[in-house]
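Colleague: Read left to right, the sequence shown gives residues -12 to 250 (the working numbering).
C-beta atoms are modelled at their ideal positions from N, C-alpha and C, and glycine is treated no differently.
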Amino acid sequence: MKPDIKNIKLKTRDIKVHTFSVVDSTNNVAKTLAENGCDEGAVVVSERQTAGRGRLGRSFLSQKGGIYLSVVLKPQISAEQTLFITTAAAVAVCRAVESVSGKKCEIKWVNDVYIGGKKVCGILTEGAFNPDGSLKYAVLGVGINLFEPKQKFPENLPLADSIFHKNDRKIFKNRIKNRVIDAFLENFFNFYNNLQQKEFITEYQSRSLLTGKEITYQKDGKKFAAKVVGIDDDARLVVNRDGEQIILSHGEIQITGMEQPAI
Ligand code: BTN
-12 MKPDIKNIKL KTRDIKVHTF SVVDSTNNVA KTLAENGCDE GAVVVSERQT AGRGRLGRSF
48 LSQKGGIYLS VVLKPQISAE QTLFITTAAA VAVCRAVESV SGKKCEIKWV NDVYIGGKKV
108 CGILTEGAFN PDGSLKYAVL GVGINLFEPK QKFPENLPLA DSIFHKNDRK IFKNRIKNRV
168 IDAFLENFFN FYNNLQQKEF ITEYQSRSLL TGKEITYQKD GKKFAAKVVG IDDDARLVVN
228 RDGEQIILSH GEIQITGMEQ PAI
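If you want it as structure tokens, here you go:
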């Protein structure tokens, strides 16, 4: 399908937004743009996705009413530091959503945004690497359940929800959607322009949903119970396990204490 392209002028940069009514995955479209040499900052937005994907190989339900958006990035950072793209984006989503809804957003380490104990947004950053292992480009993908979809969230996703519901007072959907996208991009690029400074980290820590909670996690095939102490300045999860402080990196563990829907 032929995309509708518009330019958004942010305080920090001008960006090209490619809009679609339907794609398989905006991350796939963004990857194709990147492979064809698009400028950094190109954005892909679609009304729905037929094959949206989440972390850990899960699918991501992408019905009409949500925001499905990907950004092509070409940062000079190591593979490990791509985590900061995800964490910066999580804070940017919280700010954007709060600015239109007034509802308090929390971040479930490492890449999910929650409102009132329900997941309303997931973030997936994917990287492409050069033969020498350096980062060629990254694609940041953000899925926000903005409006209640026609088909209810399936029962196997009990923690999935939308930000606005049918019985909310009359809302101007397109205007709200555009405001969320603009506010997200503005906040995200502000953080991204100084990514190494991690200007988002204090807010990321204070929005942490898991802090103070008992969790179980799996590492190297073993299950452990622990209490979350907080998030450190490298966005790793700090837990207390049997009186010992342990630092967990997102790639190496899977939390099983709370359900993790890929909405
Ligand atoms: C997760 O919940 O595990 C992450 C979900 C990320 C979904 C977004 S929607 C836009 C972009 N395109 C995709 O296929 N995935 C991301």
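(1) So, are the CB atoms of residue 225 and residue 214 less than 8 Å apart?
(2) Against chain D, does residue 152 count as a neighbour if the rule is that its beta carbon must be under 8 Å from one of theirs?
(3) State the CB to CB distance for the pair residue 5 and residue 97, rounded to an integer number of angstroms; the pair is presumed to be in contact (CB under 8 Å).
(4) With respect to 7 Å, is the separation between the Cβ of residue 8 and the closest non-hydrogen atom of the ligand BTN below this value?
(5) Does the region 82 to 92 come close enough to the region 197 to 206 that 3 or more CB-CB pairs lie under 8 Å?
(6) State the DSSP-derived secondary structure class of residue 27, mapped to helix, strand or coil.
(7) Give the DSSP bridge partners of residue 210, in chain order.
(8) Does residue 79 pass the burial test, meaning 16 or more other C-beta atoms within 10 Å, or should it be called exposed?
(9) Given a cut-off of 8 Å on the beta-carbon distance, is the pair residue 3 and residue 30 in contact?
(10) I believe residue 13 touches residue 55 by the beta-carbon criterion, under 8 Å. Please report the beta-carbon distance rounded to the nearest angstrom.
(11) Since residue 228 sits in a beta bridge, which residues does DSSP pair it with?
Modeller: So, to answer that:
(1) no
(2) Absent from the structure: chain D. Only one protein chain is present.
(3) Not a contact, Cβ separation roughly 27 Å.
(4) no
(5) no
(6) coil
(7) 205
(8) buried
(9) yes
(10) 5 Å
(11) 231
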